[in-house]
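> Note that the protein sequences, when read in sequence, are chains C and L. Using our numbering, the first residue of the first sequence is number 24, and each one after it goes up by one. Using our numbering, the first residue of the second sequence is number 85, and each one after it goes up by one. Think of the CB as a built atom: it goes at the ideal place given N, C-alpha and C, for glycine as much as any other residue. Values in this document were obtained by computation on a predicted structure and should not be read as measured data. Quick one: this structure, given as structure tokens, is what I'll be asking you about.
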Amino acid sequence: MAFLSDPVHIILGLPLASAALLAVLPGYRLSSRINILACLITFLAAFALFFVERPAPGTYFLVDELNIVFIVLNTFVGFTAATFSASYIAHELEIGRLTPAYLRFYHAMYQVMMFGMNLALLSNNIGLMWVAVEIATLSTVLMVGIYRTHEALEAAWKYFILGSVGIALALFGTILVYLAAQPVLGEGQPAMIWTNLLLHANDIDPALLNLAFVFLLLGYGTKVGLAPLHAWLPDAHAEGPTPISAVLSGLLLNVALYAVLRFKMIMAANDMALDPGPLMITMGLVSLIFAALMLYRRRDIKRLFAYSSIEHMGIIVFAFGMGGPLANFAGLLHMVMHSLTKSAIFFSVGHVAQIKGTQKIAEIRGLTQSHPLLGWGLAAGVLAIAGLPPFGVFMSEFLVVTSTFSREPVLALLLVLGILLAFGALLLRLTGFIFGEPTGELKPSEASYVPLFAHMGLVLMAGIYLPGAMVAWFQAVARLLG
Amino acid sequence: MPGIAFDTAHLLSGGLLLVSFMMIYQDRMFSLLRIFALHAVVLSLSVAWQAYIQGAPHLYVTAAIALIFKAIIIPSALRRIVVQLGIHREVETVVGIGVTMLAGIGLSALSIVLMLDVTQGADPYAREDLAFALSVVLLGLLMMVTRRNAVSQIVGFMSLENGMILAAAGAKGMPLVVEISVAFSVMVAFIVIGVFLFRIRERFDSVDVSVMDQHRGDQR
Numbered sequence: 024m025a026f027l028s029d030p031v032h033i034i035l036g037l038p039l040a041s042a043a044l045l046a047v048l049p050g051y052r053l054s055s056r057i058n059i060l061a062c063l064i065t066f067l068a069a070f071a072l073f074f075v076e077r078p079a080p081g082t083y084f085l086v087d088e089l090n091i092v093f094i095v096l097n098t099f100v101g102f103t104a105a106t107f108s109a110s111y112i113a114h115e116l117e118i119g120r121l122t123p124a125y126l127r128f129y130h131a132m133y134q135v136m137m138f139g140m141n142l143a144l145l146s147n148n149i150g151l152m153w154v155a156v157e158i159a160t161l162s163t164v165l166m167v168g169i170y171r172t173h174e175a176l177e178a179a180w181k182y183f184i185l186g187s188v189g190i191a192l193a194l195f196g197t198i199l200v201y202l203a204a205q206p207v208l209g210e211g212q213p214a215m216i217w218t219n220l221l222l223h224a225n226d227i228d229p230a231l232l233n234l235a236f237v238f239l240l241l242g243y244g245t246k247v248g249l250a251p252l253h254a255w256l257p258d259a260h261a262e263g264p265t266p267i268s269a270v271l272s273g274l275l276l277n278v279a280l281y282a283v284l285r286f287k288m289i290m291a292a293n294d295m296a297l298d299p300g301p302l303m304i305t306m307g308l309v310s311l312i313f314a315a316l317m318l319y320r321r322r323d324i325k326r327l328f329a330y331s332s333i334e335h336m337g338i339i340v341f342a343f344g345m346g347g348p349l350a351n352f353a354g355l356l357h358m359v360m361h362s363l364t365k366s367a368i369f370f371s372v373g374h375v376a377q378i379k380g381t382q383k384i385a386e387i388r389g390l391t392q393s394h395p396l397l398g399w400g401l402a403a404g405v406l407a408i409a410g411l412p413p414f415g416v417f418m419s420e421f422l423v424v425t426s427t428f429s430r431e432p433v434l435a436l437l438l439v440l441g442i443l444l445a446f447g448a449l450l451l452r453l454t455g456f457i458f459g460e461p462t463g464e465l466k467p468s469e470a471s472y473v474p475l476f477a478h479m480g481l482v483l484m485a486g487i488y489l490p491g492a493m494v495a496w497f498q499a500v501a502r503l504l505g
Numbered sequence: 085m086p087g088i089a090f091d092t093a094h095l096l097s098g099g100l101l102l103v104s105f106m107m108i109y110q111d112r113m114f115s116l117l118r119i120f121a122l123h124a125v126v127l128s129l130s131v132a133w134q135a136y137i138q139g140a141p142h143l144y145v146t147a148a149i150a151l152i153f154k155a156i157i158i159p160s161a162l163r164r165i166v167v168q169l170g171i172h173r174e175v176e177t178v179v180g181i182g183v184t185m186l187a188g189i190g191l192s193a194l195s196i197v198l199m200l201d202v203t204q205g206a207d208p209y210a211r212e213d214l215a216f217a218l219s220v221v222l223l224g225l226l227m228m229v230t231r232r233n234a235v236s237q238i239v240g241f242m243s244l245e246n247g248m249i250l251a252a253a254g255a256k257g258m259p260l261v262v263e264i265s266v267a268f269s270v271m272v273a274f275i276v277i278g279v280f281l282f283r284i285r286e287r288f289d290s291v292d293v294s295v296m297d298q299h300r301g302d303q304r
């Protein structure tokens, strides 16, 4: 038995242990390597979850088809972002934006954040899940503010205030779920355990559950970056270190989405409760169209891609709101593709911003001439995120659109409108980045291209050929989501 | 469920709502902090009473944390921040106090009507508690959006947290995990805020959030 639950122990224990170790280790070279190694082992342990027999759901932890996908994605991007971060921070240290003491703090926080996210994904207890999301949020708040410039502090403050309000609303929702479940499941722990809640969902008072879901959707929705609660997201992405932008977009938004999905499943299992679909569809569409319009007037490259994250989270929430095997499959695939592509974009943007010494879009020109690898990598990323074939994002967006057309043609039109608006904005910017006379610094970069091209390779592969085993797994999850 | 136990619970949670309203019309920083301390004291009494009538000893811990941490330590720390950083002693509001009060009354009415309607089948203690708790939460939110100054936003956030704890204490038998986590999160939140305030002090002449707005990235 001890062996069976081993991967779970490693996934949670290792980040915590490395956080403690990294907090006391001096020297950034060693600690950035330990950071990478810890992330790699965590990823391998997560991958092992596919193969070992899953432990029975307990009071605190749960492993099922749904969260394995999230955990593997989470630890994989965590690992590649750590690899990127090692070369990124070396440069930051060189130009004096960060001091060694801050780097020690940064690495420790990185692991604390990984711990918080993994804990949220593994928890079977809605209280524990809430605590874990809070840990992940607080650690990212600290990292967003790490440069301590005016902008970074303001971004962190905004993120903190909006994040706290969101997390407070989510707690209120959690308390309401407990209150609704308590007459059915009894007092104490049983009424907090997600698997129990799902099993007895039909006996739970629907009115209270409806109210709880509204709070949970607003609360965790703030973390997902859904409009109109998205205000923290562009600032936090733009002002923090770029590895953190990559992790925020690629992972933290997913973790919050995962929490929403878990509660959506309970709602769906209760026949009398409100259908969560329309709420999620509305929030998703509003976020998509709003963010697509906002993309046009961005002047800061990281802000541009932050708005693109809001847009894609809108599409994903829309797909899950539509529900049904096909739309859920599409939403899940889109989430994975978006995480991989968006973090790849941030990997290249991070190096670009370092080389050019600016994040202003107007001052970044002609990348393919001055830095071919980086320029084409960024171009591939932007084309992929805009939804062009042959990349995986095209396939998942295509699936979302077609599955919607067959059921709600009017909604599909709005969806396509949003996607096209965003497509136009991104292509408009892309021509500026990669063509034209190179501007600014022309020195060759010491970038690490491996994480960038590994991600883009995966996205390309997914666009051309999805392995049968992966399709079967995603189909199982889509059925689970209902 | 009439009886002294219910009436006292009702009185205390209603008192918490009343103190929330008192916080809204404070225009001096120090009196705001004093009222916040009172808020925490009422919360602590309310939680202790719930502990007594539910026979749940772990809630006394929550009550004690509220009393010691939120009624004594945090207000005095914030007071020290205000003095040391030379923050304006007046609370700067975005809209007038009258409008805020009206909005607050509207929010409380809304939450009480909503909660009493939705929770008809639930335990009457929890029902009343929850209705008041939601009002306190909404008033906390209202305070956060209508105040410009960072310190009064923090106070708004803490009163919002107090509403959460009231709700959690009213939910009978809610596991200890949550109570500890709530108290813990408040502590962590405060450390973070403290760090922020001091960092902000190093770079800014003011902790007025509207001053920080000038540094927005997109307006460069």
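Quick check on DSSP: helix, strand or coil for L/V103?
L/V103: helix per DSSP, three-state reduction.
> Leaving aside the five residues before and after C/A99 along the sequence, list all residues of the same chain whose C-beta is less than 6 angstroms from its C-beta, in chain order.
Per the sequence shown, the amino acid found at residue 99 of chain C is Phe instead of Ala. Within the same chain, C/F99 has close Cβ partners F66.
> In angstroms with no decimal places, state the Cα-to-Cα distance between L/L101 and C/L483.
57 angstroms
> Would you list, in chain order, the members of the segment 181 to 192 of chain C that have their beta-carbon closer than 9 angstroms to a beta-carbon of chain L?
K181, F183, I184, S187, V188, I190, A191 and L192
> Output the distance between the C-alpha atoms of L/A215 and L/G190, rounded to the nearest integer angstrom.
14 angstroms
> For L/A210, which residues of its own chain have a beta-carbon under 8 angstroms away from its beta-carbon, when the five flanking residues on both sides are left out?
T203, G254, A255 and K256
> Applying the criterion that 16 or more other CB atoms from any shown protein chain within 10 Å of the CB defines a buried residue, is C/T364 buried or exposed?
When all chains shown are included, C/T364 counts as buried.
> Hey, is L/L218 close to the ligand ATP, as in C-beta under 7 angstroms from one of its heavy atoms?
Of the ligands one can find in the structure shown there are none, so the ligand ATP has no counterpart to examine.
> In three-state DSSP terms, what is L/I149?
helix
> Going along the segment 115 to 142 of chain L in order, which residues come within less than 9 angstroms of chain C, judged by CB to CB distance?
For the segment 115 to 142 of chain L, the beta-carbon criterion of a distance under 9 angstroms to any beta-carbon of chain C is satisfied by none of its residues.
> Under a three-way DSSP split, which group does L/F241 fall into?
helix
> Could you say if the segment 292 to 304 of chain C and the segment 231 to 249 of chain C meet the contact criterion of at least three C-beta pairs nearer than 8 angstroms?
yes
> Rounded to a whole number of angstroms, what is the C-alpha to C-alpha distance between L/R232 and C/I339?
35 angstroms
> Counting only beta-carbon atoms, is L/T177 nearer than 8 angstroms to chain C?
Not closer than 8 angstroms to any Cβ of chain C, the Cβ of L/T177 fails to qualify, so no.
> Please list, in chain order, all residues of the same chain as L/G188 whose beta carbon is under 7 angstroms from its beta carbon, the five residues on each side excluded.
F105, I108, L223 and L226
> Exposed or buried, L/L198, counting other C-beta atoms within 10 Å across all chains shown (16 or more means buried)?
So L/L198 ends up on the exposed side.
> Please decide whether C/F497 counts as near chain L, where near means a Cβ-Cβ distance under 8 angstroms.
no
> Using a Cβ distance threshold of 8 angstroms, determine whether the segment 77 to 92 of chain C contacts the segment 143 to 150 of chain C, with at least three qualifying pairs required.
yes
> Nearest chain B C-beta to L/T92 closer than 8 angstroms, yes or no?
No chain B is part of this structure, whose protein chains are labelled C and L.
> Quick check on C/K181: does DSSP put it in helix, strand or coil?
C/K181: helix per DSSP, three-state reduction.
> Please state the DSSP three-state secondary structure of C/R171.
coil
> For C/P30, collect the residues of the same chain with a Cβ closer than 8 angstroms to its Cβ; drop the 5 residues on either side in sequence, then sort them by chain order.
Annotation for C/P30: A68, A69, A71, L72 and V75 place their beta carbon closer than 8 angstroms to its own, counting only its chain and skipping 5 residues before and after.
> Which residues of chain C have a Cβ atom closer than 7 angstroms to the Cβ of L/T203, listed in chain order?
From the beta-carbon of L/T203, the residues of chain C found nearer than 7 angstroms are L231.
> Please list the terminal residues of the continuous alpha helix (DSSP H) segment that includes L/D213.
P208 to T230
> Using the DSSP secondary-structure output, state which residues sit across from C/F84 in a beta bridge.
Bridge pairing for C/F84: C/S146 [DSSP].
> Say whether chain L places a C-beta atom closer than 8 angstroms to the C-beta of C/G139.
no
> With 8 angstroms as the threshold, decide whether the Cβ of L/F216 is near any Cβ in chain C.
The beta-carbon of L/F216 is placed no less than 8 angstroms from the nearest beta-carbon of chain C.
> Give me the chain C residues within the contact set of L/M248, using Cβ-Cβ distance strictly less than 7 angstroms, ordered along the chain.
A191, L194 and F195
> Output the boundary residues of the alpha helix (DSSP H) element that contains C/N293.
Here C/N293 belongs to no alpha helix (DSSP H), and DSSP marks it neither H nor E.
> Taking C/L234 as the reference, give the member of C/Y201, C/A315 and C/G211 with the closest Cα.
C/Y201
> Mark L/V103 as exposed unless 16 or more other C-beta atoms lie within 10 angstroms of its C-beta, in which case mark it buried.
buried
> Let me know if L/V201 comes out buried or exposed under the rule of 16 or more other beta-carbons within 10 Å of its beta-carbon.
For the sequence presented, residue 201 of chain L should be read as Asp rather than Val. Exposed.
> Between the C-alpha atoms of C/L503 and C/G491, what's the straight-line distance to the nearest angstrom?
18 angstroms
> Quick one: what's got a C-beta closer than 7 angstroms to C/A131's C-beta in the same chain, skipping five residues either side?
Taken in chain order, the residues that qualify are A42, L45 and A46.
> Looking at the secondary structure, which residues open and close the alpha helix (DSSP H) in which L/L162 lies?
Where L/L162 is concerned, the enclosing alpha helix (DSSP H) stretches over I158 to L169.
> Check the Cβ-Cβ distances between L/L244 and every residue of chain C, and say whether any is below 8 angstroms.
yes
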